[in-house]
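Below is one structure, written out as structure tokens, with a few remarks after it.
There are 2 protein chains.
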Amino acid sequence: MTHKVFSYASQFWVDGSPADSVPLSDRGLHYGDGIFETLRVVDGEIPLLSHHWHRLTLSCQKLGLPFDEPVLRQQLIKFIEHRGSGTAKIMITRGSGGRGYNPAGAKGRSILGWFPEVSLPDDRSRHGLSVTFCDTVLGHSPVLAGMKHLNRLEQVLARAELHNTQYCEGVMRDIDGWVIEGTMSNLFLVESGRIVTPDLSLCGVDGVLRQWLIKNSSVADTVTIEKITRSRLLTADEVFVGNSVMGVVPVIHCEDVQWLPGPVSRRVQQEVFQLFHVDG
Amino acid sequence: MTHKVFSYASQFWVDGSPADSVPLSDRGLHYGDGIFETLRVVDGEIPLLSHHWHRLTLSCQKLGLPFDEPVLRQQLIKFIEHRGSGTAKIMITRGSGGRGYNPAGAKGRSILGWFPEVSLPDDRSRHGLSVTFCDTVLGHSPVLAGMKHLNRLEQVLARAELHNTQYCEGVMRDIDGWVIEGTMSNLFLVESGRIVTPDLSLCGVDGVLRQWLIKNSSVADTVTIEKITRSRLLTADEVFVGNSVMGVVPVIHCEDVQWLPGPVSRRVQQEVFQLFHVDG
């Protein structure tokens, strides 16, 4: 029994069973043929689960990825049981099969991962972040835009630019110079008390926190989606970034501009911390 | 000894040793963080090896992928030894490590795969192919254009369109409607005896056969790189597709246009078959 508990507590499960590897035939490895979600787990619960599940099922439909929704839901519940708080990762790949790019016949594979930490400690979130503009630009791919798929080389290259700098997040622009998102977060400007977030119809990840903010937060009716230039970002009253694991994080410095965490950023941050049961 | 031979003849090697799986921490799986090459092996030799090696090393440099070039070369030589003819696949992923998108510290991982067949039998290549236009478009990503990286979801979606049709290759256009390439091949038009191939500066894979054709073939000095429209393709004297595994394949049908394999296509096809030691 002790052994079983230990075994099931392993870092990864593949198709519902503990595993530390995936077959070399997996199409996630060969083609990035799959999607993922990273979820904040708080005392065995996932506050933003319904939003994650919505994006996951929609992306699987768009990409034609086979997965058994009730089975995956049960696996996830069992996977996070007794683990407490941390970050869970769901990957759905098209699995093994098909022939070359042709995906026909592949049955899908689910991968669950567990990480005890969150990507940014809450005290650092509270303090705010310095960010910089990355040189790596986001390409335009309307077919893939919005999804959290496994084709993430642009983000890897952008994040690599920040290595050995003071920055743990960078702002990415698209090939036309529009401001789109952070390497691992969505971006929000506050202008005269209203929130603006970039249009993601050509590139970028439509984050779960962004969706929650637009649909469910107390500021939902003030949010608009617009095209945003570099100079508009730098002259905003407040800037904040956010994702479903670290929540909302005020930006306190970008290029030669400094901000104090502003009232709207603080209010939304506090609202997410309440969802996460983080003490104010 | 028998056991050892059997073992080393397994379909995949990882970092020089037979394997059937890869650690779940591999960044190729999580982010498509890597590149690949598929090579035609003819009686234990790789006719286009120098071109493959050139692209592989250049892509690894551009992406900052760590790999030990002499070690990989030795592994490849041993891997294809005694296998005869078929297709070898080299994948180089950034391996395990880093933190999230941040690749710092990842050591790289080499994966070699063996497939006894080639993607299209030579008699079918000789006969020619019917192709159709895919609806899935190629996004513009100048950072990644040209490389054979592991972010291949657009190709998977385009190839999925051909399932249960008569087509085993489709023509992909970019977001502006320019003709770019096949899902698994490069594209060539013949106009008044000269060869034209699409510009790949914003998207597409700069194939090894394409490079050979431009630099080393008997028609090299007739090849130009241009932007190509759908109607220009359909009114070309000849159209052919090609990659380093199947060689050159005449296109004999697209939409309501039919072609007989033309003299330039035949000449280049024959030249590649000679490289591949395929009898005329």
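Chains X and R supply the protein sequences, listed in that same order.
Using our numbering, count along the first sequence one by one with no gaps and you end on 281.
Using our numbering, count along the second sequence one by one with no gaps and you end on 281.
Backbone N, C-alpha and C fix where the C-beta goes; we use that ideal spot for every residue, glycine too.
A residue is called buried when at least 16 other Cβ atoms come within 10 angstroms of its Cβ; Gly183(X) meets this threshold and is buried. For Arg160(R), the chain X residues whose C-beta falls within less than 8 Å of its own C-beta are Gly101, Tyr102, Asn103, Pro104, listed in chain order. Residue burial is scored here from C-beta neighbours: Asn187(X) has at least 16 other C-beta atoms within 10 angstroms and is therefore classed as buried. With at least 16 other beta carbons inside 10 angstroms of its own, Glu170(R) counts as buried. By the neighbour-count definition (other C-beta atoms within 10 Å, threshold 16), Val258(R) is an exposed residue. For Gly205(R), no CB of chain X lies under 8 Å from its own CB, so it is not counted at the interface with that chain.
The Cβ atoms of Leu113(R) and Trp14(R) sit closer than 8 Å to each other.
8 Å or more divides the Cβ of Cys61(X) from the Cβ of Ala146(X). Under DSSP, Pro251(R) shares a beta bridge with Phe241(R). Comparing alpha-carbon positions, the option among Ser266(R), Gly248(R), Trp213(R) lying closest to Ala237(R) turns out to be Ser266(R). His141(X) and Ile176(R) do touch by the CB rule: their CB atoms are close to 6 Å apart, below 8 Å. When beta bridges are read from the DSSP output, Ala89(R) appears opposite Leu40(R), Trp115(R). Between the region 220-227 of chain R and the region 51-67 of chain R there are fewer than three C-beta pairs closer than 8 Å, too few to call the two in contact. Along the region 141-167 of chain X, going in chain order, the ones with a CB nearer than 7 Å to a CB of chain R are His141, Ser142, Pro143, Val144, Leu145, His150, Leu151, Asn152, Arg153, Leu154, Glu155, Gln156, Val157, Leu158, Arg160, Ala161, His164. Taking Val242(X) as reference, the option from Val209(X), Gly29(X), Lys216(X), Ser232(X) with the minimal CA-CA separation is Val209(X). Under the 8 Å criterion on CB atoms, His31(R) is classed as interfacial with respect to chain X. Between Leu214(X) and the set Glu256(X), Pro251(X), Val273(X), the nearest pair of CA atoms involves Val273(X).
Under the three-state reduction of DSSP, Val144(X) is assigned to coil, being neither helix nor strand. In the displayed model, Arg233(R) falls within a helix according to three-state DSSP. Ser120(X) and Ile253(X) do not touch by the CB rule: their CB atoms are close to 18 Å apart, not below 8 Å. At least one C-beta of chain R is nearer than 8 Å to the C-beta of Asp34(X). In the structure shown, Asp124(R) falls within a helical segment according to DSSP collapsed to helix, strand and coil.
One alpha carbon belongs to Asp200(X), the other to Ser126(X), and they sit about 24 Å apart. Following the DSSP letters along the chain, one finds Phe80(R) in no beta strand (DSSP E) but inside the alpha helix (DSSP H) bounded by residues 70-81. Taking the C-beta atoms as reference points, Asp44(R) is found no nearer than 8 Å to Gly87(R). At least one CB of chain R lies nearer than 8 Å to the CB of Gly65(X). Membership of Glu46(X) in any beta strand (DSSP E) is not indicated, and neither H nor E is assigned to it by DSSP. The DSSP-derived three-state label of Gln12(R) is coil. Judged by beta-carbon spacing, Ala105(X) lies beyond the 8 Å limit of Gly96(X), meaning their Cβ atoms are not closer than that value. Considering only Pro251(X), Arg160(X), Gln75(X), Gly29(X), the residue with the shortest C-alpha distance to Gly129(X) is Pro251(X). The Cβ neighbour count for Ile78(R), taken over all protein chains shown within 10 Å, is under 16; the residue is labelled exposed. Beta-bridge partners of Glu162(X) (DSSP): none assigned. Membership of Glu272(X) in the alpha helix (DSSP H) is indicated by the continuous run 264-276.
Distance from the Cα of Thr133(R) is smallest, within the candidate group Glu256(R), Leu276(R), Trp260(R), Arg268(R), for Glu256(R). Within the region 181-215 of chain R, Thr184, Met185 place their CB atoms closer than 7 Å to a CB of chain X, listed in sequence order. For the pair Asp136(R) and Val206(R), the Cα-to-Cα distance works out to about 18 Å.
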